[in-house]
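Colleague: My questions will all concern the structure given below.
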Amino acid sequence: MVSSVATTIVVLVLMYYHASLYLRAKLNMVMSGEFKQVSPQLLLKLKENPDFVRVFIGSDWISELDYKQTIEYLCPQNILKIKLDMPFKTLKFDLTPVINFYGRMKELLGIVDCRKRIEPHINVILAERKADACELHTSWAELDFFLAGYWYYERIDKSAGDSLPLIEKFHEYNIPLVNASFGGKKIGYATDSGAVRYLMPNQVKLVAKALSLISAINLRSRCEILIECAIAQGKYYPEYWECKNDFDGFVECLYNPLEQYFKDAADKDYAMLFYLI
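See below:
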């Protein structure tokens with residue numbers, strides 16, 4: 390009796406585990422991944438003011454905002470519209486007006502602080518955000534596995550997501566790996582799909598070097614080896630693997646642009662942001 394119950398529990402746990410992996414794979418098809426170059430000077434300001442990141446990596450309509458519109462977007466309240474109702478209009482013992490007055494004052498001070506923080510840096514943000522991002526679309530998770538040799542959520546789940554970019558080898562397969570997408574650190578701002586991460590210029594150079602090493606080896610063979618690895622781990626979903634279904638398209642549209650994008654950033658001594666949208 391005890392043995393059958395234990396067996397049932399094990400089966401249910403395994404079913405839950407594989408179902409969660411499948412759902413994560415399905416979710417990957419909804420989210421898009423992007424890399425975006427950023428100068429070290431602007432990165433410092435974004436780290437100090439993480440709320441500015443949403444403008445720097447914003448969608449197309451945000452990218453069209455001018456100087457004044459960007460300030461209004463980040464600090465949306467008009468100071469003149471905030472009503473500072475005095476808290477003691479009546480002699481009734483009611484703390485609500487006092488609480489409301491305090492809230493409005495806090496809101497007003499927040500808007501003034503926001504404008505004070507953004508205005509010295511707005512021109513740099515406007516200039517750098519015009520540069521193209523490297524868009525991985527919904528194939529970002531597959532490309533991440535292709536580079537790092539294991540799934541991004543395994544690193545996040547194990548709280549290893551803040552590790553530096555790494556270059557090591559599979560002991561079994563002897564191929565170079567690099568933690569490009571989820572290396573670096575969180576910048577303090579998150580999109581609806583997860584935290585925005587950044588790589589420092591020296592880390593960008595490490596990734597660029599690793600990508601050049603990977604390119605020097607047969608990419609098709611690497612794809613086949615990693616698929617074997619995913620199958621062995623029970624984490625292979627054929628319908629999502631472009632490097633298997635359309636290898637030439639995978640290399641031309643995803644890998645090569647990424648390698649060139651990192652090389653360009655390394656040559657300019659730039660940092661890098663990675664985020665999901």
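Numbered according to this note's numbering, the sequence shown terminates at residue 666, and the numbering increases by one at each position without gaps.
A virtual CB, placed ideally from N, CA and C, is assigned to each residue, including glycine.
As the structure is a computational prediction, the values presented were derived from the model and not from experiment.
1. Is the separation between the beta-carbon of MET420 and that of SER582 shorter than 7 Å?
2. Is the beta carbon of LEU525 sitting closer than 7 Å to the one on LEU532?
3. Cα separation between GLY422 and TRP529?
4. Between PHE445 and chain C, is the shortest Cβ-Cβ distance under 7 Å, so that the two count as touching?
5. Taking CYS612 as the reference, which of GLU517, ASP656, VAL640, LEU432 has the closest Cα?
6. Roughly how many angstroms separate the alpha carbons of LYS652 and PRO429, rounded to a whole number?
7. So the candidates are GLU561, VAL444, ARG506; which of them puts its Cα closest to the Cα of ALA617?
8. Alpha carbons only, please: which of GLY538, PHE534, LYS657, ILE507 is nearest the one belonging to MET589?
9. Go through its chain and collect everything with a Cβ distance to PHE663's Cβ below 6 Å, but skip five positions before and after it.
10. Mapping DSSP to helix, strand and coil, what is GLY623?
11. Between the beta-carbon of ILE659 and the beta-carbon of CYS523, is there less than 7 Å?
12. Check PRO565 in the structure and name its three-state DSSP category.
13. So, helix, strand or coil for ARG586, using DSSP?
14. Mind checking which residues open and close the beta strand (DSSP E) that includes VAL427?
15. For a quick check, are the C-beta atoms of VAL593 and MET661 less than 7 Å apart?
16. Short of 6 Å in beta carbon distance, which residues of its chain neighbour LYS478, apart from the five on each side in sequence? Order them along the chain.
17. Quick one: give me the first and last residue of the alpha helix (DSSP H) that LYS652 is part of.
18. Cα separation between ASN591 and ILE446?
19. Report the CB separation of VAL444 from ILE514 in whole angstroms; it is logged as a contact under 8 Å.
20. Expressed to the nearest angstrom, what Euclidean distance is found between the alpha-carbon atoms of ILE666 and SER601?
21. Between THR440 and LYS574, what straight-line distance do the alpha-carbon atoms span, to the nearest angstrom?
22. How far does the beta strand (DSSP E) with GLY447 in it extend, from its first residue to its last?
23. Rounded to whole angstroms, what's the CA-CA distance from LEU647 to ALA599? Just pull it up for me.
24. Who are CYS612's beta bridge partners in DSSP?
25. Roughly how many angstroms separate the alpha carbons of ASN607 and LEU433, rounded to a whole number?
26. Over the uninterrupted alpha helix (DSSP H) stretch that includes GLU517, give me the two end residues.
27. Residues in its own chain within less than 6 Å of ARG506 by CB, not counting five upstream and five downstream?
28. According to DSSP, THR527 sits in a beta bridge with which residue or residues?
Modeller: If we stick to the structure as given:
1. Reading the sequence shown from its first residue, position 31 is the one you call residue 420. Reading the sequence shown from its first residue, position 193 is the one you call residue 582. Their beta carbons are under 7 Å apart, which means MET420 touches SER582 by this criterion.
2. Here residue 525 refers to the residue found at position 136 of the sequence shown. Here residue 532 refers to the residue found at position 143 of the sequence shown. Yes. Within cutoff.
3. Residue numbering aside, residue 422 sits at position 33 when the sequence shown is read from its first letter. Residue numbering aside, residue 529 sits at position 140 when the sequence shown is read from its first letter. C-alpha separation (whole angstroms): 5 Å.
4. No chain C is part of this structure, which consists of one protein chain only.
5. Locating residue 612 in the sequence shown gives position 223, where the first residue counts as 1. Nearest of GLU517, ASP656, VAL640, LEU432 to CYS612, Cα basis: VAL640.
6. As a first step, residue 652 must be located in the sequence shown, where it is residue number 263. As a first step, residue 429 must be located in the sequence shown, where it is residue number 40. Their backbone Cα atoms lie some 16 Å apart in a straight line.
7. In the sequence shown, counting from the first residue as 1, residue 617 sits at position 228. Correcting the residue identity first, residue 617 is Glu in this sequence and not Ala. It is GLU561.
8. Walking along the sequence shown from the start, residue 589 turns up at place 200. With distances taken between Cα atoms, MET589 lies closest to LYS657.
9. Within the sequence shown, residue 663 is the residue found at index 274, counting from 1. Taking PHE663 as the centre and dropping the five residues before and after it, the same chain places the C-beta of PHE424, SER570, ARG586 closer than 6 Å to its C-beta, in chain order.
10. As a first step, residue 623 is located in the sequence shown; it is residue number 234 there, counting from the start. Correct three-state label for GLY623: coil.
11. As a working mapping, residue 659 is identified with position 270 in the sequence shown. As a working mapping, residue 523 is identified with position 134 in the sequence shown. It is worth fixing the name first, because residue 659 is Tyr in this sequence and not Ile. No, they are not a contact pair.
12. Locating residue 565 in the sequence shown gives position 176, where the first residue counts as 1. PRO565 falls in the strand class under three-state DSSP.
13. Along the sequence shown, read from residue 1 onward, the residue named residue 586 stands at position 197. In the three-state scheme derived from DSSP, where H, G and I count as helix and E and B as strand, ARG586 is classed as strand.
14. For the purposes of this step, residue 427 is taken as the residue at position 38 of the sequence shown. Note, VAL427: beta strand (DSSP E), 422-427.
15. Numbered from its first residue, the sequence shown carries residue 593 at position 204. Numbered from its first residue, the sequence shown carries residue 661 at position 272. Yes; because the gap between Cβ atoms is below 7 Å, this pair is in contact.
16. Here residue 478 refers to the residue found at position 89 when the sequence shown is read from its first residue. The pLDDT assigned to LYS478 is 47, lower than 50, so where the model puts this residue is not dependable; a value taken from the coordinates is nonetheless given after this. Once the five neighbours on either side are set aside, LYS478 has no close Cβ partner at all.
17. Counted from its first residue, the sequence shown places residue 652 at position 263. LYS652 -> alpha helix (DSSP H) spans 645-656.
18. By 1-based counting over the sequence shown, the position of residue 591 is 202. By 1-based counting over the sequence shown, the position of residue 446 is 57. Straight-line measurement puts the Cα of ILE446 at about 22 Å from the Cα of ASN591.
19. Numbered from its first residue, the sequence shown carries residue 444 at position 55. Numbered from its first residue, the sequence shown carries residue 514 at position 125. By a beta-carbon distance limit of 8 Å, VAL444 contacts ILE514. Their separation comes to about 6 Å.
20. Numbered from its first residue, the sequence shown carries residue 666 at position 277. Numbered from its first residue, the sequence shown carries residue 601 at position 212. Approximately 27 Å between the Cα atoms of the pair.
21. For the purposes of this step, residue 440 is taken as the residue at position 51 of the sequence shown. For the purposes of this step, residue 574 is taken as the residue at position 185 of the sequence shown. In the sequence as presented, Thr is not what sits at residue 440; that position holds Asp. Using only the alpha carbons, I get a separation of about 16 Å.
22. Here residue 447 refers to the residue found at position 58 of the sequence shown. Per DSSP, GLY447 belongs to no beta strand (DSSP E) and is neither H nor E.
23. Position 258 of the sequence shown holds residue 647. Position 210 of the sequence shown holds residue 599. If you take the alpha carbons of LEU647 and ALA599, they lie about 12 Å apart.
24. Counting from 1 along the sequence shown, the entry for residue 612 is found at position 223. Beta-bridge pairing links CYS612 to no other residue.
25. Stepping through the sequence shown from its first residue, residue 607 is reached at position 218. Stepping through the sequence shown from its first residue, residue 433 is reached at position 44. Whole-angstrom Cα-Cα distance: 38 Å.
26. On the sequence shown, residue 517 is found 128 positions in, with the first residue counted as 1. Element bounds for GLU517: 511-517.
27. Looking up residue 506 in the sequence shown gives position 117. Closer than 6 Å at the Cβ level, and outside the excluded window around ARG506, lie ASN438.
28. Here residue 527 refers to the residue found at position 138 when the sequence shown is read from its first residue. BP columns for THR527 are empty, so no partner.
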